[in-house]
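The next block holds one structure in the form of structure tokens; read it before the comments.
There are 2 protein chains.
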Amino acid sequence: MQRNTRQREAIRQVLRESGRPLSTQEVLEAAQKRVPGLGIATVYRTLHGLLEERQITVVELPGETPRYELAGKHHHHHFRCTVCGRVFEIENCPGNLERLAPPGFLAERHEIVLYGRCPGCPAG
Amino acid sequence: MQRNTRQREAIRQVLRESGRPLSTQEVLEAAQKRVPGLGIATVYRTLHGLLEERQITVVELPGETPRYELAGKHHHHHFRCTVCGRVFEIENCPGNLERLAPPGFLAERHEIVLYGRCPGCPAG
DNA sequence: GGCTATTTGATAATGAGATATCATTTTTGT
DNA sequence: ACAAAAATGATATCTCATTATCAAATAGCC
């Protein structure tokens, strides 16, 4: 994970331009438009490398395979479209959710996921 | 899933008494105290049956296998202890989180997960 | 209590995501 | 351009949760 290959560049570019967290499959498909023949193994390898270097972070949603997004964003949450399955970023956060923890529980972190329909998906 | 077996009774009892969502493994271990020799296949089968009958519901957390809890509870969220891995119920909900969705997005549902330390786990 | 269909438990099979392997290709320093 | 080291791609393998299989046990009805 030290050399600058077309594959690695393509994958970074894809993540940079997506604006939303992508699964390995999404990364593969998007990056293959830049590097035809790109293999899934390279996607896994590269994502691990980028994770190691803290250039990207993992986004995990219930019951889904991990997605990856650029690191360094400020605190945010996610919206999953129940029609197309894509996940988007949400800027807002109600904040201070730790207060929801019952007495005796010490909350250190929280996650919020909204589910619904994204602008690209017409009502069914 | 029509007969009342000791196994089925034990599994329902375990879920009823736990007060928190349990994974299949947790159900297995707890129910084996009531029915030694209980097999994991029976746990899966019974949980599916109870789901079908809407007696229980699934609780999915990011990166974890499904957990199960009694159905019919009012809207609530969950707390996962990062030390022992157990998941607890949270009564409170800030409410109206759908407003966090960006323009054009229609949120229909939300999930909140708090992470931290439960009363049973001393600070490390 | 005995009969029959259902359920159980042990374990093999499955499925999906992720990882390992390795010959070939590519990058990079000289 | 050359050589050495690293990365790639095809694919085999692994992992682990879940499901299927089937002989043996059991619930429920007479």
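In order, the protein sequence lines correspond to chains A and B. So that you can map any letter, position 10 of the first sequence is 235 in the working numbering, and since no number is skipped, the others follow by simple counting. So that you can map any letter, position 96 of the second sequence is 321 in the working numbering, and since no number is skipped, the others follow by simple counting. Note that the Cβ used here is the ideal one computed from N, Cα and C, for glycine as well. Note that this is a predicted model, so its numbers are computed, not measured.
No Cβ-Cβ contact shorter than 9 Å links E323(A) with P287(B). The beta-bridge partner set that DSSP reports for S243(A) is empty. The straight-line gap separating the alpha-carbon atoms of Q280(B) and Y269(B) is approximately 15 Å. Pairing R334(A) with G297(B) gives a Cβ-Cβ distance that is not under 9 Å.
Using a C-beta cut-off of 8 Å, the segment 253 to 260 of chain A makes contact with the segment 231 to 243 of chain A, since at least three inter-stretch Cβ pairs fall below that distance. For R231(A), the closest C-alpha among the options H302(A), R311(A), L263(A), T249(A) is that of L263(A). Distance from the CA atom of P344(B) to the CA atom of E316(B), rounded to whole angstroms, is 16 Å. Residue burial is scored here from C-beta neighbours: T290(B) has fewer than 16 other C-beta atoms within 10 angstroms and is therefore classed as exposed.
Ranked by Cα distance from L272(A), the first of V260(A), P261(A), L247(A) is L247(A). At a cut-off of 9 Å between beta carbons, R245(A) makes no contact with chain B. Of C306(A), C318(A), L331(A), the smallest CA-CA separation from H299(A) is found for C318(A).
Annotated as distal: L325(A) and L276(B), with beta-carbon spacing of 9 Å or more.
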